[in-house]
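In what follows, a single structure is set out as structure tokens and then discussed.
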């Protein structure tokens, strides 16, 4: 199975900060990676798909990038509504596997 | 509009079988695969399995011996059955859809159903 190593597990940042969350894939997954945002009591919301594509309705302050086997979700200027859990998912190979999640808090 | 909605019992006794239904609208089960994902309280997401648009299935190897996914296309419903439930199966269970080539991969989710395994 492909392992997705997500970091950090939690972080705290100030409004307006640039925030980056990373997932590293244990095998080649190409660009087959999705980033989700999940708020308490809610279903996951797709933010980025195919590693770099912004999903419909997602603010442009969110972006996804790839460097080799490292995939990053960046928020260029943190807003209060971005406080949430973030998860990555590889969909290159079955079984699909998620990262362990990142809890993003606002300072 | 696209909708998915999970339904099923909120409480299941240990060793019993869980039966959940995902009812979809706004798209066809013969065009999209439907996946089940679960999330134990306070923990991360776990992919459980899927039923493809053609009807074939794939399962998480850790659950394969206990899990079955099926569907009724005429009712736009997908079913999850998992036997021999234990307390560690307590989780929110979600269904979501996927269509790789259109980019509609996990773009819509149900609201989830909380399942507690307890006597």
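Protein chains in written order, with the working numbering: chain A, 1 to 107; chain B, 1 to 119.
Positions of the beta carbon are idealized from the N, C-alpha and C atoms, including for glycine.
Note that the coordinates shown come from a computational prediction; the quantities given were computed from them, not determined experimentally.
Residue 28 of chain A and residue 44 of chain A have their C-alpha atoms roughly 25 Å apart.
By the Cβ-count criterion, residue 49 of chain B is buried, with 16 or more other Cβ atoms from all chains shown falling within 10 Å of its own Cβ.
Spanning the alpha carbons of residue 94 of chain A and residue 1 of chain A requires a straight line of approximately 8 Å.
What residue 55 of chain A touches in chain B, judged by beta-carbon distance under 8 Å, is 107, going in chain order. Apart from the 5 residues on each side of it in sequence, residue 16 of chain B sits with its Cβ closer than 6 Å to the Cβ of 85 in its chain, given in chain order.
Residue 103 of chain A sits away from residue 47 of chain A, with the two beta carbons spaced by 9 Å or more. The beta carbon of residue 36 of chain A sits closer than 8 Å to those of 44, 45, 46, 47, 86, 87, 88 and 89, all from its chain and outside the five residues before and after it, given in chain order. In this structure, residue 117 of chain B lies near residue 90 of chain B, with their beta-carbon atoms less than 9 Å apart.
Annotated three-state conformation of residue 97 of chain A is strand, per DSSP. Contact between residue 20 of chain A and residue 71 of chain A does not hold, since their C-beta atoms are separated by about 11 Å, which reaches or exceeds 8 Å. When rounded, the separation of the alpha-carbon atoms in residue 107 of chain B and residue 98 of chain B is 7 Å.
Going by beta carbons, residue 3 of chain B and residue 24 of chain B fall inside the 9 Å limit. The beta-carbon of residue 100 of chain A is placed less than 9 Å from the nearest beta-carbon of chain B.
Its Cα nearest to that of residue 14 of chain A, the residue A:82 stands out among A:67, A:96 and A:82. Residue contact check for residue 111 of chain B against chain A: a CB pair falls below 9 Å. Only residues of its own chain outside the window of five on either side were considered, and among them 2 and 97 have a CB closer than 7 Å to the CB of residue 27 of chain B, listed in chain order. Ranked by Cα distance from residue 107 of chain A, the first of A:8, A:16, A:54 and A:5 is A:16.
Around the Cβ of residue 100 of chain B, a 10 Å sphere holds fewer than 16 other Cβ atoms; the residue is exposed. Of B:46, B:56, B:30 and B:44, the smallest CA-CA separation from residue 75 of chain B is found for B:30.
In this structure, residue 80 of chain B lies away from residue 33 of chain B, with their beta-carbon atoms at least 9 Å apart. In the displayed model, residue 73 of chain B falls within a helix according to three-state DSSP. Per DSSP, the beta bridge partners of residue 84 of chain A are A:104. Contact between residue 52 of chain A and residue 66 of chain A holds, since their C-beta atoms are separated by about 7 Å, short of 8 Å.
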